[in-house]
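Engineer: Residue numbers (my numbering): 79 to 305. Glycine included, each C-beta is placed from N, C-alpha and C at the ideal position. A quick note: this is a predicted structure, and the numbers were derived from the prediction, not measured. Can you keep this structure in mind? I'll have questions shortly.
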């Protein structure tokens, strides 16, 4: 078991209950969709995975380590085991494709020879060979998201968190990005994807967790949940 949430609740100082007694287990190598309306608790749950937020009550374990009890000095190690893909890409506009991917490795202290070998590998993996020296402004939205994915997998994470990765893309480009994520998942990376894209979820036949008002109202492992 890779991720375990035990009776996790989060109540913010203003009294808003973002999560309400959530219990959840995610296996290594799973692909999981996290769904629900705005304010359902998806973002809070995701932030708890990499310790940007701590629960008010409950326990969270990742690879058998307690995220809640983790010392501040241990948090960078936790975050190195994860990659994050954002809806709005969050690329460094002044850096090329290669430099954006390399930067993700530099910040975690990777050695120069590791960066030199890994960067071309992941750029090729996401289908951007030949675009290494392009800047984000010279790329389409789909290409920018591929750079975001390359950056997220550069450090070979245990978990890839994709937060609305197709939210700013057209349907054809979205399908290409999903095919890329499925390919990464088949290589063993656990993927947790927050999305509102019902058609993508219906076509995937993957596990779906539906949140509403901070509670899990559906956990469907067959992926056949009637959306």
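1. What do you get for residue 233, buried or exposed, if any count of 16 or more other CB atoms within 10 angstroms of its CB means buried?
2. Whole angstroms is fine: what's the gap from residue 237's alpha carbon to residue 285's?
3. Would you mind working out which of 110, 198, 115 and 80 sits nearest residue 96, comparing C-alpha positions?
4. Within this structure, are the beta carbons of residue 123 and residue 104 separated by less than 8 Å?
5. Starting from residue 181 and walking both ways along the alpha helix (DSSP H), at which residues does that stretch end?
6. At which residues does the beta strand (DSSP E) containing residue 96 begin and terminate?
7. Three or more beta-carbon pairs under 8 Å between the region 256-273 and the region 172-186, yes or no?
8. So is residue 252 buried or exposed if we call it buried at 16+ other beta carbons inside 10 Å?
9. Find out if the Cβ-Cβ distance for the pair residue 87, residue 147 is shorter than 8 Å.
10. To the nearest angstrom, report how far apart residue 119 and residue 222 are at their CA atoms.
11. Are there 16 or more other CB atoms within 10 angstroms of the CB of residue 198, so buried, or fewer, so exposed?
12. Considering only DSSP beta bridges, list what residue 205 is partnered with.
13. Checking 8 Å against the spacing of the C-beta atoms, do residue 245 and residue 169 come in under that value?
14. Please determine, among 271, 293 and 144, the residue with the shortest C-alpha to C-alpha distance to residue 163.
15. Between the Cα of residue 261 and the Cα atoms of 172, 159 and 107, which residue gives the shortest distance?
16. Quick check: what's the CA-CA separation for residue 220 versus residue 165?
17. Under the DSSP definition of a beta bridge, which residues are partnered with residue 88?
18. Please state whether DSSP places residue 238 in a helix, a strand or coil.
19. Considering Cα atoms alone, identify which of 113, 92 and 84 is closest to residue 297.
20. Do the CB positions of residue 200 and residue 240 come within less than 8 Å of each other?
21. Taking 8 Å as the threshold (C-beta atoms), are residue 145 and residue 129 in contact?
Structural biologist: In this structure, then:
1. Counting other Cβ atoms within 10 Å of its Cβ, residue 233 reaches 16 or more and is therefore classed as buried.
2. Going from the Cα of residue 237 to the Cα of residue 285 covers about 16 Å.
3. Selected option, being the one with the closest Cα: 115.
4. Result no, Cβ atoms of residue 123 and residue 104 do not sit closer than 8 Å.
5. 175-184 is the extent of the alpha helix (DSSP H) around residue 181.
6. Start and end: 95-104.
7. The region 256-273, when compared against the region 172-186, does not touch it at the 8 Å Cβ threshold.
8. Flag for residue 252 reads buried.
9. Going by C-beta atoms, residue 87 is not nearer than 8 Å to residue 147.
10. Spanning the two alpha carbons is a distance of roughly 27 Å.
11. The residue is exposed, with fewer than 16 neighbouring Cβ atoms inside 10 Å.
12. The partner list for residue 205 (beta bridge, DSSP) is empty, contrary to what the question assumes.
13. In terms of Cβ geometry, residue 245 and residue 169 do not form a close pair [threshold 8 Å].
14. The residue with the shortest Cα to Cα distance from residue 163 is 271.
15. If we check each option's Cα against that of residue 261, 107 comes out closest.
16. Roughly 11 Å separates the two Cα atoms.
17. In the DSSP secondary-structure assignment, residue 88 is bridged to 97.
18. If DSSP states are grouped into helix, strand and coil, residue 238 belongs with the strands.
19. When 113, 92 and 84 are compared, the shortest CA-CA separation from residue 297 is found for 113.
20. No, these two residues do not count as a Cβ contact at 8 Å.
21. Between residue 129 and residue 145, the C-beta gap is smaller than 8 Å, which places the two residues in contact.
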